[in-house]
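Novice:
There are 2 protein chains.
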Amino acid sequence: MARLKCVVKYDGSGFYGFQVQPTNRTVQGVLERVLKEMHKGVEIRLQASGRTDTGVHAIGQVIHFDSTYDIPEENWKRALNTLLPDDIYIQEVIKVSEEFHARYSVSEKEYHYFVRNLVEPDVFSRNYSYHFPYEVDIGKIKEACRYLEGTHDFTTFSSAKSTIKGEKIRTLYHASCIKHGSDIEFIFRGSGFLYNMVRIMVSVLLDIGQGRRKPEDIPILLEKRDRQQVGKTISPNGLYLWKVKYNEENKII
Amino acid sequence: MARLKCVVKYDGSGFYGFQVQPTNRTVQGVLERVLKEMHKGVEIRLQASGRTDTGVHAIGQVIHFDSTYDIPEENWKRALNTLLPDDIYIQEVIKVSEEFHARYSVSEKEYHYFVRNLVEPDVFSRNYSYHFPYEVDIGKIKEACRYLEGTHDFTTFSSAKSTIKGEKIRTLYHASCIKHGSDIEFIFRGSGFLYNMVRIMVSVLLDIGQGRRKPEDIPILLEKRDRQQVGKTISPNGLYLWKVKYNEENKII
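Chains A and B are the protein sequences, given in the same order. Offset between the first sequence (1-based) and our numbering: plus 870. Offset between the second sequence (1-based) and our numbering: plus 870.
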């Protein structure tokens, strides 16, 4: 039995999110159908670093599964990509030890969020970037990002519907914002993220960029631990699961 | 009665081409449905500079239609964009005289074709760029472009199924190719283009870039006037109707 770790890229536009569903097209559903096909009808259950919602993209989602096949890594990659539709692509396949778990072994996750800051909408980026037509003060957003970094209770910045029990304390190692021409790119790295956390943080950061709030509001909002204090969860279209890091690679050489 | 000229941008991925069809979703179909809605159920027939095939995009398609409404240009634009789906966008609306015709008044058309020249395919550009994983000599393509410029019989470079009767002599004012990182952009400007002409030219130019043909083959191929001499018509996904020019603006001030 071999455990395979795969780095997966997908365009979320054509999926009802990651997690398998009985009828809707999902990333996990498509991947498991292809794995079943490769294994002559035997169901193969995969584990992912986490789910992504409808419309959310991935550059470096990580999954693992177990197989009785003894195939070189490069051939796994080729075989899977041949069977997969063109909106999912396996970037890398690595044989790992059985200690590796795509979800439980995660040490850090990185998300990027893209905003197209132009007055007029763009038909070509509508699924890949959030259209925000208002003037933005990037300096203010950068200031606010610094307040988000660190270990905080992120209740204010997570979905009230969250099914996660227990504490909502997370550590954000990095939060930043860069402007490239008319695109704004947000980068977040953390030990873990709560449900909708990136989308709610970006929504508040854009409020700050627009002058509707101040950077110094961030510590006050964190303190309140109340989702009602902030505006709506921003569109999933601009969100990318960029990278997932693990403490140990667990690569088998 | 007012004649309105519109510059239209669309993402061709979600359409069965431009021309109206009884059941499939087309650009003309959607535009005419919206015009009918605006005109309280009265059918409005539009004219375009030309059709685009399934999967072909437009940055500057031009259409015209006649309306009994007397609305300022900016309001036309806003009203249409409010009713249109987010893969079609009206860039500009101008009132023109009745001499203007989106198809018959065309003086020049410009097409761009994008190629993503990377070994691995990219899930995000699959609908917007043609994936070509082989090494390319851009210098050779540029040399070949010069042979395409000018007035020639383009029979070799047009669909044999073409319904256009008569001569296939056209004037290509400009043919060029630029490399930006891993993207190759082809630019063509001409008095008119035959069916599939850009897609067949790019296919041959990539053969030349790959070393499978020589730039000097172009005049020989033109001379043969035979579609069978060249390879397949390349994918529509990389093709953009970029701009349509008219001799006179016919703008009403």
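Glycine included, every Cβ here is placed at the ideal spot set by N, Cα and C. Just so we're clear, the structure is a prediction, and the values are computed from it rather than from any experiment.
Just grab the DSSP bridge partners of A:G1020 for me.
Specialist: A:L1042
Novice: If you measure from the beta carbon of A:V897 to each beta carbon in chain B, is any gap under 8 Å?
Specialist: no
Novice: Let me know if A:K875 comes out buried or exposed under the rule of 16 or more other beta-carbons within 10 Å of its beta-carbon.
Specialist: buried
Novice: Closer than 7 Å, Cβ to any Cβ of chain A: which residues of the stretch 900-930 of chain B, in chain order?
Specialist: none
Novice: Quick check on B:F1063 - is its C-beta less than 8 Å from some C-beta in chain A?
Specialist: no
Novice: A:S977: which of A:I1048, A:T896, A:S919 and A:K910 sits nearest, CA to CA?
Specialist: The alpha carbon of A:S977 has as its nearest neighbour, out of A:I1048, A:T896, A:S919 and A:K910, the alpha carbon of A:S919.
Novice: Under the assumption that A:S1028 contacts A:L1064 (Cβ atoms under 8 Å), give the Cβ distance between them as a whole number of angstroms.
Specialist: Sure, about 3 Å apart at Cβ, within 8 Å.
Novice: Just to confirm, is the Cβ distance from A:I914 to A:S883 under 8 Å?
Specialist: No, the Cβ-Cβ distance between A:I914 and A:S883 is not below 8 Å.
Novice: Taking Cβ-Cβ distances shorter than 7 Å, what residues in chain B pair up with A:K879?
Specialist: V993
Novice: Output yes or no for whether 8 Å exceeds the beta carbon distance between B:R1040 and B:G1062.
Specialist: Yes, they are a contact pair.
Novice: Do B:K947 and B:A872 have their C-beta atoms within less than 8 Å of each other?
Specialist: no
Novice: Could you check if A:P1085 is buried or exposed, using at least 16 other CB atoms within 10 Å of its CB as the buried criterion?
Specialist: Residue burial is scored here from C-beta neighbours: A:P1085 has at least 16 other C-beta atoms within 10 angstroms and is therefore classed as buried.
Novice: Anything in chain B within Cβ reach of A:D956, meaning under 8 Å, just list it in chain order.
Specialist: P991, V993 and R996
Novice: For B:S937, verify whether its CB is less than 7 Å away from any heavy atom of the ligand SAM.
Specialist: Within the structure as shown, the ligand SAM is missing, as the structure has no ligands at all.
Novice: For A:F832, tell me which candidate among A:S967, A:L953, A:G1101 and A:Y1017 has the shortest Cα-Cα distance.
Specialist: Residue 832 of chain A is absent from the model: chain A starts at 871 and stops at 1123.
Novice: Which residues mark the beginning and the end of the beta strand (DSSP E) in which A:L916 is found?
Specialist: It is not in any beta strand (DSSP E) - A:L916 carries neither H nor E in the DSSP assignment.
Novice: Under the rule that 16 or more other beta-carbon atoms within 10 Å means buried, what is A:N945, buried or exposed?
Specialist: exposed
Novice: Going along the chain, which residues of its own chain have a beta-carbon closer than 7 Å to the beta-carbon of A:E1013, five neighbours each way excluded?
Specialist: P1085
Novice: Is it the case that the stretch 1073-1091 of chain B contacts the stretch 953-960 of chain B, given that we only count it when at least three CB pairs across the two stretches are under 8 Å?
Specialist: Too few Cβ pairs lie closer than 8 Å, so no.
Novice: Give me the subset of the stretch 942-969 of chain B whose CB atoms are less than 9 Å from a CB atom of chain A, sorted by chain position.
Specialist: Residues passing the 9 Å Cβ filter: N951, D956, D957, I958, Y959 and Q961.
Novice: Going by Cα to Cα distance, which pick from A:T1025, A:E1055 and A:K1031 is closest to A:I1088?
Specialist: A:T1025
Novice: Give the range of the beta strand (DSSP E) segment to which B:V1114 is assigned.
Specialist: L1109 to Y1116
Novice: Run the CB neighbour count on B:N912, radius 10 Å, all protein chains shown included, and call it buried at 16 or more, exposed below.
Specialist: According to the sequence as given, residue 912 of chain B is Val; it is not Asn. It counts as exposed.
Novice: Spatial neighbours of A:D1096 within its chain, please: CB distance less than 8 Å, with the 5 preceding and 5 following residues excluded, ordered by chain position.
Specialist: T1025 and T1026
Novice: Comparing the C-beta of B:H909 with each C-beta of chain D, is any distance below 8 Å?
Specialist: Protein chains in the displayed structure are A and B, and chain D is not among them.
Novice: Report, in whole angstroms, the separation of the C-beta atoms of A:G1101 and A:Y1000, which I expect to be a contact under 8 Å.
Specialist: Not quite, the Cβ-Cβ distance comes to about 14 Å (not below 8 Å), so this is no contact.
Novice: Using 8 Å for Cβ pairs, my map puts B:R973 next to B:Q917. What's the rounded Cβ distance?
Specialist: 6 Å
Novice: Hey, how far is the Cα of A:K1183 from the Cα of A:H982?
Specialist: The requested residue 1183 of chain A is not part of the displayed model; chain A covers only 871 to 1123.
Novice: Taking only the alpha-carbon atoms, compute the straight-line gap between B:V1006 and A:G1079 and give it to the nearest angstrom.
Specialist: 44 Å
Novice: What residues in its chain sit with their C-beta under 8 Å from that of B:R1069, if we drop five residues either side in the sequence?
Specialist: Y983, T1103, I1104, S1105, P1106 and L1109
Novice: Have a look at B:K1121, B:D1053 and B:G1020 and flag the residue whose alpha-carbon is nearest the alpha-carbon of B:P1003.
Specialist: B:D1053
Novice: Just to confirm before moving on: does the CB-CB distance between B:Y880 and A:V993 stay below 8 Å?
Specialist: yes
Novice: Quick one: what does DSSP say A:E969 is sitting in, helix, strand or coil?
Specialist: coil
Novice: Can you tell me which of the three DSSP states A:E980 falls into?
Specialist: strand
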